[in-house]
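Data first, discussion second: the structure below is written as structure tokens.
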Amino acid sequence: MKVSLKWLEDYVDIKLAPEELAERLTIAGLEVGNIQTIGSTWDNVVIGEVIALNPHPNAERLKLATVNLGTEQVTTVCGAPNISLGQRVTFAHIGARLIDAHTGETILLKSAKIRGIVSEGMVCSEKELGLSDNHEEILVLPPEAPIGAALGDYLGDVIFDLDVTPNRPDCLSIISIAREIAALTGEPLRLPSIHWKELGESIDSFVSVDIADPDACPRYCASLITGIKIVSSPGWLQQRLNSCGMRPINNVVDVTNYVMLEYGQPLHAFDYHKLKGRQIIVRRAGNGETITTIDGTKHALTPDILVIADKEEAVAVAGIMGGLDSEVTDKTDTILLESANFNQATIRRGCSHLQLQSEASIRFDKGLNSELPLLPLKRATQLLLELAGDRAARGIIDVYPGKSEPKLILLTAREVKRLTGLKLNIDEIRKVLEALGFECQEGDSGSQISVSAPYWRGDIKCSADLVEEVVRIIGYEKIPITRLGSPLPQQESQLSPVAQQSNIKEKLRNILPGLGFQEILTYSLVSLEKLQKLSPKLELKIPPLKVANPMTREQEFLRTSLRAGLLSTLAHNQKFEQAGIRLFEIGKVFLPRGKDLPEEKEMLCAVLSSSRLELSWHTDKEMLDFFDAKAVVENLLNQLGLKASFNIGDDEILLPGRGANIIVEDDKVGIVGDVHPRVMQAFELSNNICLIEIDLKKLLTRLTRTKEYHPISRFPAVTRDIALVIDEQVNYRSVENIIQSFPLVTQITLFDLYRGKQIPEGKKSFAIRIIYQSPSHTLTDEEVDRTQEQMLNRLYQELGATLRD
Amino acid sequence: MQEQLKNLHAQALDELGQVHNPRELELWRVRYLGKKSSLTKMLRSLAVLPLEERRKAGAQANAIKRALELSLEEKGRLLEEALLTSPLESQGLDVTLPGRPLSTGRLHPTTQILREICSVFKNMGFQVIEGSDVEWDYYNFEALNIPQHHPARDMFATLWIDAGMGRKARLLRTHTSPMQIRFMERERPPIRVIVPGRVYRYEATDATHESMFYQVEGLAVDKGITLADLKGTLFDFCRCIFGEERKVRFRCDYFPFVEPGVEVAIGCLVCDGAGCRLCGYSGWIEILGAGMVHPDVLARVDINPELYSGFAFGLGVERIHMLRYGIDDIRLFYSNDLRFLRQF
Ligand SMILES: [Zn+2]
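So the protein lines, in turn, are chains X and C. Residue 106 in the working numbering sits at position 42 of the first sequence, and the numbers go up by one each step. Residue 120 in the working numbering sits at position 101 of the second sequence, and the numbers go up by one each step.
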């Protein structure tokens with residue numbers, strides 16, 4: 065909402081500097097986004113009258129204009145087509161600061177010779193004065209503009225751009241803002257006095273009003289003015305509308321807009337003679353009904369939309385826009401002026417249905433009070449009689465089925481203190497509220513007041529609302545600063561599932577960067593295309609949840625895994641960097657559960673690519689493989705106190721035969737392996753890439769077990785190395801399982817895997833270091849020999865393993 | 020014999036001078052003081068000499084042995100010292116060569132700043148809880164005093180899962196505030212929690228707008244909690260995050276689920292109040308919205324608003340990081356370019 069300081073000063077004296085006023089309003093909840101000073105540069109510009117116009121001797125299209133500036137007369141060259149005798153114009157002396165019409169930059173006006181004639185100063189266009197972009201014509205001021213006066217005194221103004229919050233539709237009006245200023249500064253508020261002579265016939269003889277849907281239209285007021293002459297508005301009115309960012313149109317439309325800006329009540333003028341049947345009906349539109357609005361658009365209506373109709377058809381979309389057929393035109397001589405109240409939700413639905421918005425609908429959409437329409441109607445009627453009409457019909461139509469009684473709210477100084485910590489006495493509280501237009505009466509006890517909110521404050525419903533009114537006017541800077549003194553709530557146990565979940569995420573975030581992984585965070589929403597890239601048949605195993613109104617196709621589906629985000633990010637970064645990128649994300653995936661909220665599962669996903677380490681002078685650029693990724697998983701789980709086992713996996717994102725399931729206590733908690741070349745191609749990835757994915761919820765259920773403590777043995781350990789020759793098909797895990805089953809074995813390390821010379825075809829050799837130790841005694845050689853012999857026997861019988869010679 | 024011993028001593032000392040490292044010193048020891056050394060042999064061979072000569076030669080041999088032992092000890096000490104203090108020039112390193120690479124990663128800047136924010140509030144006794152990203156219309160709007168068709172819905176451009184289904188419609192939460200309701204539904208005062216998490220908006224992205232960002236919600240409810248407590252808590256927070264000197268402003272603002280409502284701004288970090296492009300020439304930068312929990316909200320979760328009061332706040336996470344480092348484009352956060360991420 066743009067507000068002119070000059071206009072505000074009609075209602076309240078303002079002694080604060082504009083910046084200071086803006087700060088006070090902002091702190092009180094009416095944020096001033098921008099302050100625009102009009103005329104601050106017009107030092108050498110004055111108002112004059114064109115008293116002579118002569119042709120330029122050397123140029124057909126130029127004129128020599130003589131301008132009376134009161135104390136002197138000057139002659140200047142002017143090329144504007146609209147200059148004529150008797151006009152009040154603006155004249156810039158040499159040295160004036162103007163906007164150059166061609167470059168848009170500020171320049172100092174110099175004397176110039178135009179086609180042989182020296183021009184001392186110039187008559188200005190709006191653009192040169194910085195008022196608008198109009199440069200074709202000179203600015204013509206109203207006839208009452210005082211000759212010789214500085215333009216800054218006459219046209220200068222300060223425009224505040226206010227950011228009005230949705231709870232304060234009343235502040236979309238100059239009077240309400242003036243009232244705020246009055247309350248903030250302690251100055252009295254002056255309201256316009258309204259009076260006119262009702263000379264016409266009774267309004268009932270012209271028109272009747274029916275409200276068919278009182279819920280949607282609680283009140284409908286109207287007046288009627290005859291003898292209308294449509295002309296341009298006077299300068300002062302045009303200037304006011306311009307300053308608030310509205311274009312003047314004609315005297316009738318301008319008055320309705322002026323009063324809307326002044327009071328916040330939208331008004332609409334109908335050409336009375338275009339209304340059929342002397343009747344206004346406020347009703348729902350019928351199915352199939354149409355209307356063409358004043359912007360020339362034809363709309364199909366539905367019963368969701370409220371219309372103003374005459375006897376035959378809709379003549380306006382209620383509260384949103386008038387119809388073209390009943391619009392005021394140059395030929396209009398009688399107008400019916402509407403000032404009504406419409407239900408907020410009805411208007412909102414109508415706007416969204418018709419994709420239509422207007423200055424009127426913006427106000428109704430925030431919710432206006434049904435007590436509001438009458439006064440602005442009277443004010444507009446008065447102005448129309450002054451500026452456009454001949455006589456007003458006697459009486460005003462006021463159909464008011466939706467009247468509601470104002471509610472009383474009790475307020476005490478104690479309540480203000482309880483909510484704000486600010487100690488005020490009841491008289492201070494009362495003074496603030498009354499300045500804002502609230503009515504206060506002494507309550508049952510001296511410390512209590514009974515308050516009723518003024519009709520324009522529909523947002524005030526409870527005592528907390530009143531408390532805010534009081535403190536915002538007194539000033540939030542007056543609120544003391546204290547620390548929370550209330551007792552601390554019981555703290556959550558570290559063993560609770562919630563704490564564990566957040567702990568495990570934090571632990572992983574602590575571990576992974578140390579293993580070389582950069583954390584990334586990717587969007588929860590992904591494109592269908594990316595999800596399909598993960599899957600060979602372009603079919604999704606879990607159909608993801610879809611956003612009904614996506615902003616872009618890139619962000620249309622809720623991710624069911626973190627994979628797409630990681631791989632796209634990797635692809636993006638591979639453009640700039642080839643060596644060893646490692647990324648991880650910990651975040652939620654969304655698994656649909658019918659019409660219910662989806663399951664939001666916390667996952668860890670990580671990718672490793674290309675070389676084991678960054679390029680350096682120390683090492684060859686060794687490419688990483690499955691076992692690098694596996695080591696990461698083992699390291700992670702180990703640090704969490706878990707031991708993982710692995711079996712061959714079949715997840716479609718991994719290359720068959722080169723992917724494994726991660727198993728913790730017989731439960732699959734994730735996968736690790738080489739990314740399938742098809743997926744790499746789809747995401748435009750290069751080099752070899754391994755991926756790790758772990759379900760944190762599953763990990764968590766394993767974590768809740770307490771770790772077991774084993775005392776450190778005091779007795780010496782015995783180390784034995786063995787080399788086994790074994791069939792290729794036998795995996796290491798089964799060898800390890802057998803060795804591990806002997807209680808004296810405390811550690812097993814595979815230190816060589818060999819194929820080739822000395823080993824038969826189809827076999828391989830494992831070199832394994834075994835450490836034996838007993839918690840209870842020093843082992844003898846015989847004891848270890850015996851154990852190892854049993855072990856070798858089992859390895860031979862169960863796996864066919866023999867000792868290598 | 021005496022001549023022999025003298026020569027041996029001279030030879031041993033001469034050779035000891037050639038010893039440059041502990042390994043050579045050990046060989047020297049074996050040669051001159053070991054069981055098979057010539058000195059030992061000589062001592063053994065003394066037995067065949069006449070008594071007088073034997074005594075003289077014995078004394079001399081033992082003296083030489085002791086002298087050699089002392090020399091050995093001294094040399095050992097010297098070698099050790101030399102090893103510590105002056106590596107030989109010829110074997111010195113080019114210490115300016117890059118170190119052997121270790122891969123290291125970092126946490127995402129959002130995680131880093133979230134940790135910082137959470138730790139400030141944890142120190143004030145707030146517990147950290149999390150909520151779900153997909154919510155019912157009821158929790159995101161209705162229970163927070165924003166019913167269907169309420170004009171305040173304009174403040175939250177929403178991404179919907181279900182369109183037009185009333186309170187049973189699912190949506191991507193537009194703020195972390197739904198957790199206020201969910202938490203108060205199951206817990207009684209005293210309440211003191213913060214809720215970090217992702218929020219979503221139906222928004223065309225540009226340098227200052229993202230369709231997804233992080234918020235931290237705060238909620239404290241008990242008897243006697245005031246706007247002054249909110250002011251103290253948030254001023255403390257601003258001081259911890261932005262430093263002792265940073266100016267903080269508390270002004271009235273509107274959010275449907277608080278009353279009175281508050282907006283907190285800090286003095287512009289670029290112009291320090293003089294006005295610049297960053298702060299829109301106001302000298303202030305808004306960093307969070309807050310207020311006293313609306314009595315209707317408390318009543319809705321069966322907490323008596325006449326006995327209890329509370330405050331709530333919600334702050335944008337990325338913005339704090341952006342202000343601190345002068346980052347002018349929020350889109351950098353979730354495009355995850357390593358050239359950006361590695362700077363923090
Ligand atoms: Zn600034």
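The beta carbon of each residue, even a glycine, is placed where N, CA and C say it ideally should be. This one's a predicted model, so the numbers in the text were calculated from it and none came from an experiment.
Between methionine 615 of chain X and glutamate 222 of chain C, the gap from beta carbon to beta carbon is short of 9 Å. Look at the region 227-252 of chain C: the residues with a C-beta under 8 Å from a C-beta of chain X are Ser230, Met231, Ala239, Asp241, Lys242, Gly243, Ile244, Thr245, Leu246, Ala247, Asp248, Lys250, Gly251 and Thr252. Contacts between alanine 409 of chain X and chain C, judged by CB atoms closer than 7 Å, involve His168 in chain order.
Chain order gives no chain X residues near cysteine 257 of chain C, where near means a beta carbon separation below 9 Å; the closest approach is about 12 Å. In this model, isoleucine 575 of chain X and leucine 700 of chain X are separated by some 7 Å (Cα to Cα). Looking at the backbone, the Cα of tryptophan 303 of chain C and that of arginine 265 of chain C are separated by about 11 Å. Between the C-alpha atoms of isoleucine 355 of chain X and histidine 417 of chain X there is a straight-line separation of about 14 Å.
Take serine 511 of chain X, set aside five residues on each side of it, and the residues of its chain with a beta-carbon closer than 8 Å to its own are Thr476, Ala477, Arg478 and Ile490, in chain order. With a threshold of 9 Å between beta carbons, histidine 682 of chain X makes contact with chain C. Comparing alpha-carbon positions, the option among X:Lys821, X:Asp197, X:Trp300 and X:Lys495 lying closest to histidine 166 of chain X turns out to be X:Asp197. Distances taken from the Cβ of glycine 302 of chain C to the heavy atoms of ligand 1 include one shorter than 8 Å.
Under DSSP, lysine 732 of chain X shares a beta bridge with X:Ile727.
The beta carbon of threonine 484 of chain X falls within 9 Å of a beta carbon belonging to chain C, placing the residue at that interface. Not one heavy atom of ligand 1 lies closer than 8 Å to the C-beta of alanine 86 of chain X. For the options C:Gly329, C:Gln23, C:Ile165 and C:Tyr273, the alpha carbon positioned closest to that of proline 197 of chain C is the one of C:Ile165.
At a C-beta separation below 9 Å, tyrosine 157 of chain C has no neighbours in chain X, since its nearest C-beta there lies roughly 11 Å away.
For the region 613-641 of chain X, the full-length alpha helix (DSSP H) segments reaching 4 residues or more read 627-638 along the chain. Contact annotation: alanine 452 of chain X and valine 323 of chain X have beta-carbon atoms that are not nearer than 9 Å. The Cβ of isoleucine 213 of chain C sits no closer than 9 Å to any Cβ of chain X.
Chain C places a beta carbon closer than 9 Å to that of phenylalanine 640 of chain X, counting this residue as a contact. Rounded to whole angstroms, the gap between the alpha carbons of glycine 124 of chain C and glycine 644 of chain X is 11 Å. Alanine 364 of chain X sits exposed, since fewer than 16 C-beta atoms from the chains shown fall within 10 Å of its C-beta. Rounded to whole angstroms, phenylalanine 747 of chain X and isoleucine 369 of chain X show a C-alpha spacing of 49 Å. Not one heavy atom of ligand 1 sits closer than 8 Å to the Cβ of glycine 97 of chain X. At a cut-off of 9 Å between beta-carbon atoms, histidine 636 of chain X makes contact with chain C.
Distance from the CA of glutamate 541 of chain X to the CA of proline 440 of chain X, rounded to the nearest whole angstrom, comes to 36 Å.
Considering only C:Gly243, C:Gly36, C:Phe175 and C:Arg258, the residue with the shortest C-alpha distance to proline 230 of chain X is C:Phe175.
Beyond the five residues adjoining it in sequence on each side, glutamate 278 of chain C comes within less than 8 Å, by CB distance, of Gly310, Met311, His313 and Pro314 in the same chain, given in chain order.
Closer than 8 Å at the C-beta level to chain X, one finds these residues of the region 138-153 of chain C: Met143, Gly144, Gln146, Val147, Ile148, Glu149, Ser151, Asp152 and Val153.
Cβ proximity to chain X below 9 Å picks out Glu282, Gly299, Tyr300, Ser301, Trp303 and Gly310 from the region 282-310 of chain C.
Only residues of its own chain outside the window of five on either side were considered, and among them Gln638 have a CB closer than 7 Å to the CB of serine 750 of chain X, listed in chain order. Of all residues in the region 327-344 of chain C, only Ser328 come within less than 8 Å of chain X when Cβ atoms are compared, listed by chain position. X:Glu618 is the residue among X:Tyr464, X:Glu618 and X:Pro607 whose C-alpha sits nearest the C-alpha of glutamate 593 of chain X. Contact check for isoleucine 244 of chain C and serine 550 of chain X: beta-carbon distance about 6 Å, within the 8 Å limit, so the pair qualifies.
For glutamate 532 of chain X, the nearest beta carbon of chain C is closer than 9 Å to its own beta carbon.
Counting along the chain, the unbroken alpha helix (DSSP H) around methionine 61 of chain C starts and ends at 57-64.
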